[in-house]
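Trainee: I'd like to ask some things about the structure below.
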Amino acid sequence: MLKYLVVWLLVFIVYIIFTGSISPLTLITGLLVSIILSIITAKYLVEDEEKLKQPIRFLYLVYYFIKYITIIEFRAHMDVVKRIFTMDINPGIVRVPVASVSRYARLLVMSSITNTPGTIVVDEKNDYFYVNWINVTTTDPLKARESISLEFERFASRIFD
684 MLKYLVVWLL VFIVYIIFTG SISPLTLITG LLVSIILSII TAKYLVEDEE KLKQPIRFLY
744 LVYYFIKYIT IIEFRAHMDV VKRIFTMDIN PGIVRVPVAS VSRYARLLVM SSITNTPGTI
804 VVDEKNDYFY VNWINVTTTD PLKARESISL EFERFASRIF D
(Lines of atoms letter the chains of each structure in order from A and count residues from 1; the text may use other names and numbers.)
(Lines give C-alpha, C1' and ligand atoms only; values in the text may rest on other atoms or scores of the structure.)
Protein backbone atom coordinates (compact mmCIF):
# COMPACT_ATOMS: atom_id res chain seq x y z
CA MET A 1 0.00 0.00 0.00
CA LEU A 2 2.88 2.36 0.82
CA LYS A 3 4.32 2.04 -2.67
CA TYR A 4 1.02 3.16 -4.22
CA LEU A 5 0.89 6.16 -1.91
CA VAL A 6 4.47 7.19 -2.67
CA VAL A 7 4.02 6.86 -6.43
CA TRP A 8 0.72 8.75 -6.24
CA LEU A 9 2.31 11.60 -4.28
CA LEU A 10 5.31 11.91 -6.61
CA VAL A 11 3.17 11.86 -9.74
CA PHE A 12 0.77 14.40 -8.25
CA ILE A 13 3.60 16.76 -7.25
CA VAL A 14 5.24 16.50 -10.68
CA TYR A 15 1.87 17.10 -12.36
CA ILE A 16 1.21 20.26 -10.32
CA ILE A 17 4.74 21.57 -10.90
CA PHE A 18 4.55 21.04 -14.66
CA THR A 19 1.08 22.52 -15.03
CA GLY A 20 2.07 25.52 -12.92
CA SER A 21 -1.45 25.91 -11.61
CA ILE A 22 -3.40 25.07 -8.49
CA SER A 23 -6.86 25.80 -9.82
CA PRO A 24 -9.60 23.41 -8.70
CA LEU A 25 -9.83 21.81 -12.15
CA THR A 26 -6.06 21.24 -12.26
CA LEU A 27 -6.05 19.73 -8.77
CA ILE A 28 -8.93 17.37 -9.58
CA THR A 29 -7.36 16.34 -12.88
CA GLY A 30 -3.99 15.84 -11.22
CA LEU A 31 -5.58 13.79 -8.47
CA LEU A 32 -7.33 11.49 -10.95
CA VAL A 33 -4.33 11.12 -13.24
CA SER A 34 -1.95 10.40 -10.37
CA ILE A 35 -4.29 7.82 -8.82
CA ILE A 36 -4.67 5.99 -12.12
CA LEU A 37 -0.93 6.07 -12.84
CA SER A 38 -0.01 4.90 -9.36
CA ILE A 39 -2.40 1.95 -9.60
CA ILE A 40 -0.96 0.96 -12.97
CA THR A 41 2.76 1.57 -12.38
CA ALA A 42 3.59 1.25 -8.66
CA LYS A 43 4.12 -2.50 -8.86
CA TYR A 44 6.73 -1.94 -11.59
CA LEU A 45 8.41 1.16 -10.15
CA VAL A 46 8.91 0.10 -6.54
CA GLU A 47 11.02 -3.03 -6.12
CA ASP A 48 11.61 -2.97 -2.37
CA GLU A 49 8.89 -1.36 -0.26
CA GLU A 50 11.09 -1.51 2.88
CA LYS A 51 13.42 1.10 1.41
CA LEU A 52 10.50 3.54 1.29
CA LYS A 53 10.38 3.43 5.09
CA GLN A 54 13.85 4.98 5.36
CA PRO A 55 13.36 8.76 5.14
CA ILE A 56 17.11 9.40 5.02
CA ARG A 57 17.06 8.15 1.40
CA PHE A 58 14.53 10.82 0.51
CA LEU A 59 16.68 13.50 2.18
CA TYR A 60 19.70 12.34 0.15
CA LEU A 61 17.56 12.54 -2.98
CA VAL A 62 16.44 16.10 -2.21
CA TYR A 63 20.00 17.18 -1.38
CA TYR A 64 21.34 15.54 -4.55
CA PHE A 65 18.66 17.15 -6.71
CA ILE A 66 19.35 20.62 -5.32
CA LYS A 67 23.14 20.21 -5.61
CA TYR A 68 22.86 18.77 -9.13
CA ILE A 69 20.53 21.48 -10.43
CA THR A 70 22.45 24.37 -8.88
CA ILE A 71 26.14 23.58 -8.56
CA ILE A 72 26.99 20.65 -10.81
CA GLU A 73 24.91 21.80 -13.78
CA PHE A 74 26.15 25.40 -13.51
CA ARG A 75 29.80 24.36 -13.49
CA ALA A 76 29.29 22.05 -16.47
CA HIS A 77 27.42 24.71 -18.46
CA MET A 78 30.15 27.28 -17.82
CA ASP A 79 32.84 24.79 -18.83
CA VAL A 80 31.06 24.01 -22.11
CA VAL A 81 30.49 27.72 -22.85
CA LYS A 82 34.20 28.39 -22.26
CA ARG A 83 35.14 25.51 -24.56
CA ILE A 84 32.80 26.75 -27.28
CA PHE A 85 34.40 30.19 -27.31
CA THR A 86 38.00 28.96 -27.03
CA MET A 87 37.51 25.78 -29.13
CA ASP A 88 39.53 23.98 -26.45
CA ILE A 89 37.98 20.57 -27.00
CA ASN A 90 39.33 17.05 -27.13
CA PRO A 91 36.28 14.85 -27.73
CA GLY A 92 36.30 11.12 -27.38
CA ILE A 93 34.64 8.10 -25.87
CA VAL A 94 35.97 6.80 -22.58
CA ARG A 95 35.19 3.64 -20.65
CA VAL A 96 33.97 4.37 -17.13
CA PRO A 97 33.47 1.59 -14.55
CA VAL A 98 30.19 1.63 -12.61
CA ALA A 99 29.93 0.32 -9.04
CA SER A 100 26.23 0.99 -8.46
CA VAL A 101 24.27 -2.18 -7.88
CA SER A 102 20.57 -1.55 -8.42
CA ARG A 103 19.17 -0.64 -11.80
CA TYR A 104 17.64 2.55 -10.36
CA ALA A 105 21.02 3.68 -9.06
CA ARG A 106 22.62 2.93 -12.42
CA LEU A 107 19.82 4.80 -14.18
CA LEU A 108 20.34 7.83 -11.94
CA VAL A 109 24.08 7.81 -12.65
CA MET A 110 23.52 7.34 -16.38
CA SER A 111 20.92 10.11 -16.51
CA SER A 112 23.07 12.47 -14.48
CA ILE A 113 26.02 11.94 -16.81
CA THR A 114 23.87 12.38 -19.92
CA ASN A 115 22.10 15.49 -18.61
CA THR A 116 25.37 17.14 -17.65
CA PRO A 117 26.65 19.27 -20.53
CA GLY A 118 29.77 17.89 -22.15
CA THR A 119 29.08 14.21 -21.46
CA ILE A 120 26.66 11.60 -22.72
CA VAL A 121 26.43 7.87 -22.08
CA VAL A 122 26.37 6.10 -25.42
CA ASP A 123 26.45 2.49 -24.21
CA GLU A 124 26.53 0.25 -21.15
CA LYS A 125 28.21 -3.15 -21.09
CA ASN A 126 29.69 -5.38 -18.40
CA ASP A 127 29.61 -2.82 -15.56
CA TYR A 128 31.02 -0.06 -17.75
CA PHE A 129 29.49 3.06 -19.22
CA TYR A 130 30.90 4.30 -22.48
CA VAL A 131 30.80 8.07 -22.27
CA ASN A 132 31.25 10.58 -25.06
CA TRP A 133 33.22 13.33 -23.31
CA ILE A 134 33.81 16.81 -24.75
CA ASN A 135 37.29 17.09 -23.23
CA VAL A 136 39.01 13.78 -22.66
CA THR A 137 41.71 14.39 -20.08
CA THR A 138 42.45 10.72 -19.44
CA THR A 139 41.68 7.37 -20.98
CA ASP A 140 42.34 5.50 -17.73
CA PRO A 141 38.92 4.15 -16.68
CA LEU A 142 39.40 4.81 -12.94
CA LYS A 143 40.58 8.39 -13.44
CA ALA A 144 37.75 9.02 -15.91
CA ARG A 145 35.32 7.70 -13.29
CA GLU A 146 36.66 10.20 -10.77
CA SER A 147 36.09 13.06 -13.21
CA ILE A 148 32.76 11.97 -14.67
CA SER A 149 30.66 9.76 -12.42
CA LEU A 150 32.07 9.21 -8.93
CA GLU A 151 30.00 11.93 -7.23
CA PHE A 152 26.84 10.74 -8.99
CA GLU A 153 27.51 7.15 -7.88
CA ARG A 154 27.96 8.13 -4.25
CA PHE A 155 24.53 9.73 -4.13
CA ALA A 156 22.88 7.02 -6.22
CA SER A 157 24.09 4.27 -3.89
CA ARG A 158 22.92 6.20 -0.82
CA ILE A 159 19.50 6.71 -2.38
CA PHE A 160 18.85 3.36 -4.08
CA ASP A 161 21.32 0.65 -2.95
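The numbering used here puts the first residue of the sequence shown at 684, with every later residue one more than the last. All C-beta atoms in this analysis are idealised placements derived from N, C-alpha and C, irrespective of residue type, glycine included.
#1: Which residues bound the beta strand (DSSP E) around Pro-780?
#2: Look at the alpha carbon of Ile-912 and the alpha carbon of Phe-695, and state the distance between them as a whole number of angstroms.
#3: Need the endpoints of the alpha helix (DSSP H) that Tyr-698 sits in, please.
#4: So if DSSP puts Asn-815 in a beta bridge, which residue, or which two residues, is it bridged to?
#5: Would you mind reading off the limits of the alpha helix (DSSP H) that contains Asn-798?
#6: I believe Val-777 touches Ile-817 by the beta-carbon criterion, under 8 Å. Please report the beta-carbon distance rounded to the nearest angstrom.
#7: What separation, rounded to the nearest whole angstrom, lies between the Cα atoms of His-760 and Pro-800?
#8: So, Thr-822 versus Ser-830, is the Cβ gap smaller than 8 Å?
#9: On the CB-based measure, 16 or more other CB atoms within 10 Å of its CB, does Val-779 come out buried or exposed?
#10: Would Arg-786 be called buried (16 or more neighbouring beta carbons within 10 Å of its own) or exposed?
Mentor: Taking the definition as stated:
#1: Stepping through the sequence shown from its first residue, residue 780 is reached at position 97. Element bounds for Pro-780: 775 to 780.
#2: Look at the range of the chain in this structure, 684 to 844, and you will see that residue 912 is not part of it.
#3: Along the sequence shown, read from residue 1 onward, the residue named residue 698 stands at position 15. Element bounds for Tyr-698: 685 to 702.
#4: Against the sequence shown, residue 815 aligns to sequence position 132. The partner list for Asn-815 (beta bridge, DSSP) reads Ile-776, Ile-803.
#5: Locating residue 798 in the sequence shown gives position 115, counting from the first residue. Where Asn-798 is concerned, the enclosing alpha helix (DSSP H) stretches over 786 to 798.
#6: Indexing the sequence shown from 1 puts residue 777 at position 94. Indexing the sequence shown from 1 puts residue 817 at position 134. Actually they do not touch by this definition, with Cβ atoms about 11 Å apart.
#7: By 1-based counting over the sequence shown, the position of residue 760 is 77. By 1-based counting over the sequence shown, the position of residue 800 is 117. Straight-line Cα distance between these residues: approximately 6 Å.
#8: Residue 822 sits at position 139 when you count from the first residue of the sequence shown. Residue 830 sits at position 147 when you count from the first residue of the sequence shown. No, Cβ-Cβ distance for Thr-822 and Ser-830 is not below 8 Å.
#9: Counting from one through the sequence shown, the residue named residue 779 turns up at place 96. Val-779 comes out buried.
#10: Within the sequence shown, residue 786 is the residue found at index 103, counting from 1. So Arg-786 counts as exposed.
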